[in-house]
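*Asks:* Before I ask anything, here is the structure I am working with.
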Amino acid sequence: MGSSSSKIPGAESPSATSLGTEFPSGKPANVRNCPEECDEKIREAEFAFRSTDLGSWTSFISSGSSGAGDGSTTNTTVFKRLQHWSLVVHFPRGDKTYLFEAGQDKNTGLLQASRTENVDKKVFENALYMYCGTLDTCPRELLELAKKVKSNGTPYDLTTNNCQTWLEEFLKLISPKLFKSFEEMLNGYTVKTVTTTAAVTAGFAFLYAILKQGNTLFISSASV
Numbered sequence: 036m037g038s039s040s041s042k043i044p045g046a047e048s049p050s051a052t053s054l055g056t057e058f059p060s061g062k063p064a065n066v067r068n069c070p071e072e073c074d075e076k077i078r079e080a081e082f083a084f085r086s087t088d089l090g091s092w093t094s095f096i097s098s099g100s101s102g103a104g105d106g107s108t109t110n111t112t113v114f115k116r117l118q119h120w121s122l123v124v125h126f127p128r129g130d131k132t133y134l135f136e137a138g139q140d141k142n143t144g145l146l147q148a149s150r151t152e153n154v155d156k157k158v159f160e161n162a163l164y165m166y167c168g169t170l171d172t173c174p175r176e177l178l179e180l181a182k183k184v185k186s187n188g189t190p191y192d193l194t195t196n197n198c199q200t201w202l203e204e205f206l207k208l209i210s211p212k213l214f215k216s217f218e219e220m221l222n223g224y225t226v227k228t229v230t231t232t233a234a235v236t237a238g239f240a241f242l243y244a245i246l247k248q249g250n251t252l253f254i255s256s257a258s259v
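Quick note: the sequence shown uses my numbering, first residue 36, plus one each step.
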């Protein structure tokens with residue numbers, strides 16, 4: 036059940052029809068349309084979680100500051116959804132690297148998963164988080180599991196049914212330990228980033244309070 040080949044450079048777009056800013060030798064292949072994968076040799080595989088920023092920082096800050104209830108909770112939820120998550124798998128024996136991800140198909144609006152093969156190993160080495168441990172599997176088995184993810188082909192939603200939704204389901208099918216590792220990493224990563232963003236938001240609020248209380252004339256001049 037193979038795939039199309041390409042080398043992956045930088046950050047991905049959330050669109051499954053173009054999951055990558057540039058693909059020198061092709062695009063990722065929809066997991067449902069991949070040709071037959073013949074590599075079924077079970078062997079050690081290494082896993083890494085890759086995250087790229089979607090660039091919607093304005094939406095993130097606005098949602099965090101204007102949401103009802105606990106602002107930190109809102110920030111946490113929105114921030115996680117503004118990241119594009121993917122799984123990079125490297126097979127030392129055979130020196131093969133694959134990338135699995137999902138995103139919105141720009142034509143159908145559905146959540147679609149893709150697999151890219153012949154990925155540059157640097158993508159794996161530079162991923163955000165390396166899974167501590169290895170699992171025995173093969174390229175064919177991973178592709179078959181990717182096809183079984185229930186969110187494949189369902190309506191895409193930026194906050195409730197997205198790349199992270201698909202990835203979590205995929206990880207559960209591969210290994211509960213791998214899924215748990217992703218969740219632990221995600222929670223720790225979110226706490227750090229939310230703390231930083233909260234500080235920035237608080238800084239803006241503090242500056243506004245000073246300007247509002249201190250000098251009306253200054254505010255008027257600044258507005259002009």
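Positions of the beta carbon are idealized from the N, C-alpha and C atoms, including for glycine.
Bear in mind that the values here come from a model prediction, so they are computed numbers and not experimental data.
1) With distance defined between alpha-carbon atoms, name the residue in Phe159, Asn142 and Val184 nearest to Cys198.
2) Which residue comes first and which comes last in the alpha helix (DSSP H) that contains Leu178?
3) By DSSP's criteria, Arg67 is part of a beta bridge. Which residues make up the other side?
4) CA-CA distance, Glu219 and Phe82?
5) Along the beta strand (DSSP E) that carries Glu81, what are the first and last residues, could you check?
6) How many angstroms separate the CA atom of Leu180 from the CA atom of Lys207?
7) Starting from Glu152, trace the beta strand (DSSP E) both ways and give me its first and last residue.
8) Thinking C-beta only, is Ala162 closer than 9 Å to Arg67?
9) Using 9 Å as the threshold, is the C-beta distance between Glu75 and Glu176 below it?
*Replies:* Inspection of the coordinates gives the following:
1) Val184
2) Secondary structure note for Leu178: its alpha helix (DSSP H) is the uninterrupted segment Pro174 to Lys183.
3) Its beta-bridge partners do not exist; DSSP assigns none.
4) 15 Å
5) Arg78 to Asp88
6) A straight line joining the alpha-carbon of Leu180 with that of Lys207 spans about 10 Å.
7) Element bounds for Glu152: n/a, residue is neither H nor E.
8) No, the pair does not count as a contact, with Cβ atoms beyond the cut-off.
9) It is a contact, given that the beta carbons lie within the stated cut-off.
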